[in-house]
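Peer 1: Structure below; questions to follow.
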Amino acid sequence: MKIDFLIVGQGIAGTVLSYTLRRAGCTVKVVDNGGTQSASKVAAGIFNPITGRKLVKTWYGDPLFKYLHEFYPELEQFLNTRFFHQRDVYVPFDSQEKQNTWTVQASEPEYEPYIKGFYHNLYTNTVNAPFGGMCITKAGYADIPTMLDAYRLNLKENDLLIEKELHHEEIRHLAKGIAWQEIEADQLIFCDGTQSAFANPYFKWLEFRPVKGEVLTVKFPDISFEHIVNRGCWILPQKDGTYRVGATYDNHDMSLETTEAAKKKLQEKLEALTSAKYEILEQKTGIRPATYDRRPFLGIHPVYKQIGIFNGLGAKGISLAPYFAQHFCEVLLKDKNLMGLVDIERVIRRYQIKNEVLAKL
Ligand SMILES: Cc1cc2nc3c(=O)[nH]c(=O)nc-3n(C[C@H](O)[C@H](O)[C@H](O)COP(=O)(O)OP(=O)(O)OC[C@H]3O[C@@H](n4cnc5c(N)ncnc54)[C@H](O)[C@@H]3O)c2cc1C
Numbered sequence: 439m440k441i442d443f444l445i446v447g448q449g450i451a452g453t454v455l456s457y458t459l460r461r462a463g464c465t466v467k468v469v470d471n472g473g474t475q476s477a478s479k480v481a482a483g484i485f486n487p488i489t490g491r492k493l494v495k496t497w498y499g500d501p502l503f504k505y506l507h508e509f510y511p512e513l514e515q516f517l518n519t520r521f522f523h524q525r526d527v528y529v530p531f532d533s534q535e536k537q538n539t540w541t542v543q544a545s546e547p548e549y550e551p552y553i554k555g556f557y558h559n560l561y562t563n564t565v566n567a568p569f570g571g572m573c574i575t576k577a578g579y580a581d582i583p584t585m586l587d588a589y590r591l592n593l594k595e596n597d598l599l600i601e602k603e604l605h606h607e608e609i610r611h612l613a614k615g616i617a618w619q620e621i622e623a624d625q626l627i628f629c630d631g632t633q634s635a636f637a638n639p640y641f642k643w644l645e646f647r648p649v650k651g652e653v654l655t656v657k658f659p660d661i662s663f664e665h666i667v668n669r670g671c672w673i674l675p676q677k678d679g680t681y682r683v684g685a686t687y688d689n690h691d692m693s694l695e696t697t698e699a700a701k702k703k704l705q706e707k708l709e710a711l712t713s714a715k716y717e718i719l720e721q722k723t724g725i726r727p728a729t730y731d732r733r734p735f736l737g738i739h740p741v742y743k744q745i746g747i748f749n750g751l752g753a754k755g756i757s758l759a760p761y762f763a764q765h766f767c768e769v770l771l772k773d774k775n776l777m778g779l780v781d782i783e784r785v786i787r788r789y790q791i792k793n794e795v796l797a798k799l
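Whatever position you read off the sequence shown (first residue = 1), add 438 for my numbering.
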């Protein structure tokens with residue numbers, strides 16, 4: 439069977455890229471092992487244009503956020519499934535200085551579209567907010583399990599899903615394209631998340647910096663939050679009345695075990711944010727496919743030209759995937775130049791990696 443693209447992995451990256459390629463008229467198959475090592479299955483799915491301890495605009499925020507607000511509703515329509523939820527993020531200030539800074543900054547053109555307003559009486563006596571807080575708009579969350587399941591079903595119904603492990607040594611290189619099992623494809627694109635960093639002979643030379651993250655699911659018996667509340671940690675309301683609380687960042691422990699240390703850290707942060715009584719229902723962990731410079735890894739292998747990668751979405755897969763999948767699609771189909779900041783070429787230049795090394799499998 440001859441197709442245009444074989445996509446390896448059906449996390450956020452493989453889902454968004456394969457849909458974008460199909461929409462552009464390409465023939466695609468997706469191979470996914472349904473594995474437990476998927477960061478997408480653990481992620482909270484939050485998209486927030488202003489993040490971090492210092493509260494700064496997400497890198498490349500304007501184009502990313504403009505596009506994601508078009509992309510996900512379109513995908514919802516295609517799948518006839520609701521998973522994209524817009525919700526404001528309430529950020530209680532931790533100092534008078536922060537309140538002063540944001541009162542000025544909120545009217546700057548860079549931030550003005552994303553700041554809804556300032557509040558002094560939100561969740562009074564529940565959220566620790568002596569300096570008031572602000573609400574960030576154009577934010578929300580994607581219910582990722584629902585999105586992935588609905589897309590997986592669509593792939594199955596269209597006979598486009600292969601539920602198997604792709605073993606790298608089974609890839610055969612043809613004069614034009616690749617072959618794997620009964621499939622011949624012009625190109626194979628790895629959307630295999632942390633597998634690229636740990637076990638993919640084609641791309642493990644890339645400077646991935648995987649980061650483990652843990653999240654809790656909790657119940658607040660006496661209070662409900664309608665916003666995503668964010669300071670030190672985030673509290674994300676779920677459809678079933680529970681909340682997710684996250685997340686930790688650890689770049690040493692790469693095990694997929696949950697830890698008491700992470701639970702304790704999240705509890706401390708949660709208790710600094712709110713005095714509400716809570717009960718922990720569940721703890722989950724995953725590993726983010728992050729990169730040395732916090733930019734995605736897109737591109738074609740410098741030696742094996744029929745093999746590419748769409749990866750390195752780090753902690754912001756939901757925000758980054760739609761825009762960069764569309765960009766990569768234009769590179770692959772219309773010979774557009776790949777943006778230097780996401781091109782894997784930057785790694786080769788920075789570390790002066792030789793072709794002999796890249797050709798070794
Ligand atoms: C605790 C935590 C919280 C997070 N919260 C957020 C958040 O709120 N918002 C946000 O935007 N991001 C968040 N993230 C980050 C987000 O999870 C990642 O950016 C995203 O999931 C990466 O998706 P991916 O498709 O690249 O990788 P993955 O989700 O890991 O998908 C890779 C897929 O490929 C499959 N695969 C790999 N190798 C093979 C093979 N050889 N053969 C077949 N199949 C294969 C895997 O089984 C998997 O299904 C969070 C991450 C963690 C850990």
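We put the CB at the ideal spot given by N, CA and C, even for glycine.
Would you report the Cα separation of Ser456 and Val446, rounded to the nearest angstrom?
Peer 2: 10 Å
Peer 1: For Ala544, I'd like the list of residues in its chain whose CB is within less than 6 Å of its CB, leaving aside the five on either flank, ordered along the chain.
Peer 2: Cβ-Cβ distances below 6 Å link Ala544 to Ile553 in the same chain, with the five nearest sequence neighbours on each side left out; the list follows chain order.
Peer 1: Can you find the residues in the same chain that come closer than 7 Å, C-beta to C-beta, to Thr465, ignoring five residues on each side of it along the sequence?
Peer 2: Ile441 and Asp442
Peer 1: Starting from Ile627, trace the alpha helix (DSSP H) in both directions and tell me its first and last residue.
Peer 2: First-last for Ile627: Ile621 to Phe628, but that is the beta strand (DSSP E), not the alpha helix (DSSP H).
Peer 1: Name the DSSP bridge partner or partners of Ile441?
Peer 2: Beta-bridge pairing links Ile441 to Ala623.
Peer 1: When you compare the CB positions of Ile450 and Gly752, do they come within less than 8 Å of one another, or not?
Peer 2: no
Peer 1: Quick check: what's the CA-CA separation for Leu522 versus Gln515?
Peer 2: Per the sequence shown, residue 522 should be read as Phe rather than Leu. Approximately 11 Å between the Cα atoms of the pair.
Peer 1: What separation, rounded to the nearest whole angstrom, lies between the Cα atoms of Asn518 and Glu595?
Peer 2: For Asn518 and Glu595, the distance between alpha carbons rounds to 14 Å.
Peer 1: Span of the alpha helix (DSSP H) holding Lys504?
Peer 2: Lys504: member of the alpha helix (DSSP H) spanning Gly499 to Leu517, first to last residue.
Peer 1: Starting from Tyr457, follow the alpha helix (DSSP H) in both directions and report where the run begins and ends.
Peer 2: First-last of the alpha helix (DSSP H) with Tyr457: Ile450 to Arg461.
Peer 1: Would you grab the beta carbon distance between Ala728 and Pro648 for me? Rounded to a whole angstrom, and I think it's under 8 Å.
Peer 2: About 6 Å; that satisfies the 8 Å criterion.
Peer 1: So is the beta-carbon of Ser478 under 7 Å away from any non-hydrogen atom of ligand 1?
Peer 2: yes
Peer 1: Between Leu779 and the rest of its own chain, which residues show a CB-CB distance below 6 Å, the 5 nearest in sequence each way excluded?
Peer 2: Contacts found: Arg733.
Peer 1: Smallest Cα separation from Tyr528: which of Glu709, Lys743, Arg520 and Ala567?
Peer 2: For Tyr528, the closest C-alpha among the options Glu709, Lys743, Arg520 and Ala567 is that of Ala567.
Peer 1: Just how far apart, CA to CA, sit Ile582 and Leu711?
Peer 2: So the alpha carbons of these two residues sit roughly 26 Å apart.
Peer 1: Within the region 537-616, note down every full beta strand (DSSP E) run reaching 3 residues or more, in order along the chain.
Peer 2: The region 537-616 contains these whole beta strand (DSSP E) runs: 553-557, 571-574 and 578-580.
Peer 1: With Phe748 and Ile627 assumed to form a contact (beta carbons below 8 Å), what rounded beta-carbon distance in angstroms separates them?
Peer 2: 6 Å
Peer 1: Could you tell me how far apart the beta carbons of Tyr557 and Gly571 are, in whole angstroms, since I believe they sit closer than 8 Å?
Peer 2: Contact between Tyr557 and Gly571 is confirmed by a C-beta separation of about 6 Å, below the 8 Å threshold.
Peer 1: Can you tell me which of Leu770, Gly499 and Thr655 puts its alpha carbon nearest to the alpha carbon of Tyr716?
Peer 2: Taking Tyr716 as reference, the option from Leu770, Gly499 and Thr655 with the minimal CA-CA separation is Thr655.
Peer 1: Is there at least one non-hydrogen atom of ligand 1 closer than 7 Å to the beta-carbon of Ala753?
Peer 2: yes
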